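Some notes on the structure that comes next.
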Amino acid sequence: MKILVVGSGGREHALAWKLAQSERVQTVFVAPGNGGTARDGRLVNVEITDPAALADFVVAEGVALTLVGPEGPLAAGIVNLFRARGLKIFGPTREAAQLESSKDFAKAFMQRHGIPTAKYQTFSDAASAHAYIDANGAPIVIKADGLAAGKGVVVAMSLDEAHQAVDHMLSDNRFGDAGARIVIEEFLAGEEASFIVMCDGRNVLALATSQDHKRLKDNDQGPNTGGMGAYSPAPIVTPSMHARVMREIIHPTIQGMARDGIPFTGFLYAGLMIDADGNPRTLEFNCRMGDPETQPIMARLKTDFLTVLDHACNGSLDAVELEWDRRTAVGVVMAAEGYPDSPRKGDIIDGIPQETPECVTFHAGTQLVGGTLQTSGGRVLCVVGLGDSVRMAQKQAYDTVEKIHFNGAQYRRDIGWRGVK
Ligand code: AMP
Ligand code: GLY
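Just add 905 to the spot in the sequence shown (first one is 1) and you have this note's numbering.
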């Protein structure tokens, strides 16, 4: 069977790597892929990004199933397009993807269906936004309504910062259409966790839990990034917390979408904030897997992933029980010099060791140039180590990180720290 994975990041490398392990899979195409998927003999890169051209490719090659990694193509309607042509694809429709592509849509949805989240208001007029901030005080959180590649959220610790964020988004038009409307919401304190499930429109299947590390530097210092590392499972999501999140957030979301006439299919990622009293609230929804959460999650998945996806596309996820490696997986992102603002490209990468049962390196911003592996983006690699404890998994990952070299490499030395007793 031939499979297509859409995207080019570490998430897509991990999804394709896992799919290629399935006995029923003949080829996994990755569009457009990266240097790692280019080097892997079981994967084939395809230089296509336009959704209609991808659909033509799928028909011409007889691809049985398409899996979409990033939010961009989902929000642009790639699932609508494929389904209209009778092609099997796993992901949400353009309408369902609004849970991620419009913060205002997501907040109004959560309010309507009683899903716990921060108190908020939506603005397109700067004067009212400034007045709301003055009335509510800091800390306060300002979010661009639309997709802003992870850069549309300002957690303002002071009033000054909050007013500035409003001016940047609404008056200076820094995010274009994505920032023409903003959501201003209550600041929530606590510990974050990534809660990701698969949905077939009706049934829900929870994946292993995980925790991302958004700040660039150790001890959660420095600027926000797309994610500098993740580990799985996240100990804060105890079995009773898991049950509560399913009951209070996930099921009401899936049922609410169905009731609103927009059944959700695909990966649903709830970014949670769990407060000191153990109450989970939804910070955001993503309509896809997380990056870098996917890398440690796929490293732990033991069940045949193609079988799972088949059920997900056929509406029979209730027939699936997932089996996980009991070990902890720690994924450490190695980023380029200058990341996140202006990552340098073109540095030569060497020293990536062969995959072992304890460690695998997924590629993101890499490319092969005449047989040489070079950096080509902000997050370059994600090295995933597996071990019986967080510490042992960290050791596996960091021993490998130290063997890999490219000029200007930056990485955190504390991925998984919340899980270390
Ligand atoms: P989002 O894209 O909405 O998840 O926001 C990105 C990051 O901003 C989150 O992972 C949190 O670290 C932080 N954040 C978002 N909303 C809030 C909030 N209401 N209170 C505190 N931190 C937040
Ligand atoms: N790791 C956060 C995200 O994928 O949005």
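All C-beta atoms in this analysis are idealised placements derived from N, C-alpha and C, irrespective of residue type, glycine included. If you're wondering where the values come from, they're calculated on a predicted model, not measured in any experiment.
{"Query": "Per-residue DSSP class, three states only, for Val1235", "Result": "strand"}
{"Query": "DSSP state of Arg1414 mapped onto helix, strand, coil", "Result": "No answer is possible for residue 1414: it lies beyond the span of the chain, which begins at 906 and ends at 1326."}
{"Query": "Extent of the continuous alpha helix (DSSP H) to which Ala1070 belongs", "Result": "Leu1064 to Val1071"}
{"Query": "Range of the contiguous beta strand (DSSP E) that encloses Ile1047", "Result": "Ile1045 to Ala1049"}
{"Query": "Extent of the continuous alpha helix (DSSP H) to which Lys993 belongs", "Result": "That residue, Lys993, is in no alpha helix (DSSP H); it is neither H nor E in DSSP."}
{"Query": "Selected residue, minimal CA-CA separation from Gly912, among Asp955, Asn1108 and Lys1008", "Result": "Asp955"}
{"Query": "heavy atom of the ligand AMP below 7 Å from Gly1176 C-beta", "Result": "yes"}
{"Query": "C-beta atoms of Phe987 and Ala958 nearer than 8 Å", "Result": "no"}
{"Query": "Whole-number beta carbon distance between Asp1117 and Gly1166, since they are thought to touch under 8 Å", "Result": "That belief does not hold up - the Cβ atoms of Gly1166 and Asp1117 are roughly 32 Å apart, past 8 Å."}
{"Query": "Distance between beta carbons of Val1088 and Lys1008, contact taken as under 8 Å", "Result": "4 Å"}
{"Query": "Cα-Cα separation between Leu924 and Asp1039, rounded to whole angstroms", "Result": "51 Å"}
{"Query": "Beta-carbon contacts of Val1329 that lie in its chain and below 6 Å, excluding the five residues immediately before and after", "Result": "Outside the shown range of the chain, which is 906 to 1326, sits residue 1329, and nothing can be said about it."}
{"Query": "Proximity of Leu920 and Asp1105 at Cβ, strictly below 8 Å", "Result": "no"}
{"Query": "Of the listed residues Arg944, Gly1132 and Asp1030, nearest to Gly1283 (C-alpha basis)", "Result": "Gly1132"}
{"Query": "Integer-rounded CB distance, given that Lys1250 should sit under 8 Å from Thr1208", "Result": "No, Thr1208 and Lys1250 are not in contact; Cβ-Cβ is about 37 Å, not under 8 Å."}
{"Query": "Thr1261, buried or exposed, once every other Cβ within 10 Å from all chains shown has been counted against 16", "Result": "exposed"}
{"Query": "Identity of the residue in Trp1322, His1310, Thr1277 and Asp1180 nearest Lys1300 by Cα", "Result": "Trp1322"}
{"Query": "Neighbour-count burial assignment, Ala1032, 16 or more Cβ in a 10 Å radius", "Result": "exposed"}
{"Query": "First through last residue of the alpha helix (DSSP H) which encompasses Tyr1303", "Result": "Val1295 to Val1306"}
{"Query": "Assigned exposure category for Ser1076 - 16 Cβ within 10 Å defines buried", "Result": "exposed"}
{"Query": "Closest residue to Ile1253 among Glu1263, Leu1273 and Phe1267 (Cα-Cα distance)", "Result": "Leu1273"}
{"Query": "His918 classed as buried or exposed, judged by whether at least 16 other C-beta atoms fall within 10 angstroms", "Result": "buried"}
{"Query": "Span separating the alpha-carbon of Pro1258 from that of Gly941", "Result": "13 Å"}
{"Query": "Residue ranges of each beta strand (DSSP E) within the region 1007–1042, 3 or longer", "Result": "1025–1028"}
{"Query": "Residue(s) in a DSSP beta bridge with Ala1241", "Result": "DSSP, once it has assigned bridges, lists no residue as partnering Ala1241."}
{"Query": "Spatial neighbours of Lys1048 in its chain, beta-carbon cut-off 8 Å, leaving aside the 5 residues before and after", "Result": "Lys1008, Gly1057, Val1058, Val1059, Ile1087, Val1088, Ile1089 and Glu1090"}
{"Query": "Supposed contact pair Phe995 and Leu970 - C-beta distance, whole angstroms, cut 8 Å", "Result": "7 Å"}
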